[in-house]
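Colleague: My questions all concern the structure below.
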Amino acid sequence: YARIREAGLILLVGALVGVASLVWFRPHAGAVTRWLNDRLAKLPGVVNRAGRAVTGLFEQLARTLGVLTDARELLVTVGWTVALWAAITLANMLVLRAFGFPLGVSETVFVLGWSLVGSLVPTPGGGAGTYHAATAYGLTAYLGVAESEAKAATIVLHLVVFGSSLFFGVYYFLRSGVGFARLRELSAPAGPVKNGSNDEIVMPAEGEKRAAGETPRTASA
119 YARIREAGLI LLVGALVGVA SLVWFRPHAG AVTRWLNDRL AKLPGVVNRA GRAVTGLFEQ
179 LARTLGVLTD ARELLVTVGW TVALWAAITL ANMLVLRAFG FPLGVSETVF VLGWSLVGSL
239 VPTPGGGAGT YHAATAYGLT AYLGVAESEA KAATIVLHLV VFGSSLFFGV YYFLRSGVGF
299 ARLRELSAPA GPVKNGSNDE IVMPAEGEKR AAGETPRTAS A
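Structure follows, in structure tokens:
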């Protein structure tokens with residue numbers, strides 16, 4: 119368990135650094151996004167549009183981080199976070215006990231930690247494969263569960279934990295205002311873009327011109 123303890127301390131330090139970074143980012147969000155936009159303006163169109171979408175997400179993150187400056191909102195957020203992770207831990211423990219594993223809260227949290235490590239690897243399907251391998255390894259290597267039983271429990275655990283949250287995740291994602299239309303809006307160019315090959319200024323799209331009541335045209339610099 120020595121290596122597990124060391125890894126846990128490293129993750130704890132990383133989490134603290136992440137929280138400190140968010141606290142720093144909140145009052146400096148405007149300067150950071152302006153700096154990024156200035157750099158992105160010099161990049162090709164595709165990279166520029168992708169970068170603008172990222173900076174738009176940063177701006178929304180900054181607005182969301184306003185909770186850090188409101189004690190009441192911060193308390194509510196912490197309370198809901200604790201309740202959420204308590205529910206996740208309970209769901210994991212119930213599924214594992216349904217397979218006959220006599221695991222308590224501490225053992226369940228230990229297995230949950232392995233599950234989260236597996237979920238950090240970006241794979242299609244919400245950590246499919248890596249989640250199962252990490253969770254099954256935690257059950258077999260440290261808690262003495264048979265390999266076949268651990269794999270079966272991990273598959274069901276993945277369906278219960280991730281499948282049940284998919285519906286609510288999609289619902290709140292759509293409610294958050296960050297839809298595909300919003301991402302396209304954030305990645306759209308803010309104004310005329312100069313074409314480097316013939317110094318031609320490309321005006322906004324024809325559909326945008328009609329919406330504004332103007333006649334589409336192309337002007338030469």
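Using my numbering, the letters of the sequence shown correspond one by one to residues 119 to 339. C-beta: ideal position from N, C-alpha, C; glycine also.
Just to confirm the assignment, what range does the alpha helix (DSSP H) spanning Asp188 have?
Modeller: Here residue 188 corresponds to residue number 70 of the sequence shown, with the count starting at 1. Unbroken run through Asp188: none, as it is neither H nor E.
Colleague: Cα separation between Asn313 and Arg157?
Modeller: Sequence index remark: in the sequence shown, residue 313 carries index 195 (1-based). Sequence index remark: in the sequence shown, residue 157 carries index 39 (1-based). The predicted model places Asn313 with a pLDDT of 45, which falls under 50 and marks its position as unreliable; any figure quoted below should be read in that light. The alpha-carbon atoms of Asn313 and Arg157 are separated by roughly 18 Å.
Colleague: Can you give me the C-alpha to C-alpha distance between Gly236 and His250, rounded to a whole angstrom?
Modeller: In the sequence shown, counting from the first residue as 1, residue 236 sits at position 118. In the sequence shown, counting from the first residue as 1, residue 250 sits at position 132. One C-alpha to the other measures close to 7 Å.
Colleague: Could you tell me if Ser315 is buried or exposed, where buried requires 16 or more neighbouring beta carbons within 10 angstroms of its beta carbon?
Modeller: Position 197 of the sequence shown, counting from 1, holds the residue named residue 315. Model confidence at Ser315 stands at a pLDDT of 44, short of 50, so the residue's coordinates are unreliable; what they give is reported in the following sentence. That one is exposed.
Colleague: In whole angstroms, what is the alpha-carbon distance linking Ala205 and Leu284?
Modeller: In the sequence shown, the residue the question calls residue 205 occupies position 87. In the sequence shown, the residue the question calls residue 284 occupies position 166. Straight-line Cα distance between these residues: approximately 15 Å.
Colleague: Can you have a look at Leu214 and say buried or exposed, based on whether 16 or more other CB atoms are within 10 angstroms of its CB?
Modeller: To locate residue 214, count along the sequence shown from 1; it is residue 96. By the neighbour-count rule (16 or more Cβ atoms within 10 Å), Leu214 is buried.
Colleague: How should His146 be labelled, buried or exposed, when 16 other C-beta atoms within 10 angstroms of its C-beta is the threshold for buried?
Modeller: Here residue 146 is taken as the residue at index 28 of the sequence shown, counted from 1. By the neighbour-count rule (16 or more Cβ atoms within 10 Å), His146 is not buried but exposed.
Colleague: Work out the CA separation of Gly136 and Ala159 for me, nearest whole Å.
Modeller: Stepping through the sequence shown from its first residue, residue 159 is reached at position 41. Stepping through the sequence shown from its first residue, residue 136 is reached at position 18. When rounded, the distance between both Cα atoms is 28 Å.
Colleague: Leaving out five residues before and five after Val239 in sequence, what residues of the same chain have Cβ atoms less than 6 Å from its Cβ?
Modeller: Taking the sequence shown and counting its residues from 1, one reaches residue 239 at position 121. Here the set comprises Thr248.
Colleague: Please list, in chain order, all residues of the same chain as Gly287 whose beta carbon is under 7 Å from its beta carbon, the five residues on each side excluded.
Modeller: Position 169 of the sequence shown, counted from the first residue, corresponds to residue 287. Hits under 7 Å: none found.
Colleague: Return the Cβ separation of Thr207 and Val227 in integer angstroms, given the expectation that the two are a contact with Cβ distance under 8 Å.
Modeller: Counting from one through the sequence shown, the residue named residue 207 turns up at place 89. Counting from one through the sequence shown, the residue named residue 227 turns up at place 109. Confirmed, Cβ separation roughly 6 Å.
Colleague: Can you tell which of Leu275, Gly262 and Trp232 has the C-alpha that lies nearest to the C-alpha of Pro220?
Modeller: Numbered from its first residue, the sequence shown carries residue 220 at position 102. The shortest Cα separation from Pro220 among Leu275, Gly262 and Trp232 belongs to Gly262.
Colleague: Assuming Ala180 and Phe143 are in contact, meaning their beta carbons sit under 8 Å apart, how far apart are those beta carbons, in whole angstroms?
Modeller: Numbered from its first residue, the sequence shown carries residue 180 at position 62. Numbered from its first residue, the sequence shown carries residue 143 at position 25. At roughly 7 Å, the Cβ-Cβ gap stays under 8 Å, so Ala180 and Phe143 are in contact.
Colleague: Answer with buried or exposed for Ser233, where buried requires no fewer than 16 other C-beta atoms within 10 angstroms of its C-beta.
Modeller: Here residue 233 refers to the residue found at position 115 of the sequence shown. Answer is buried; the Cβ neighbour count reaches 16.
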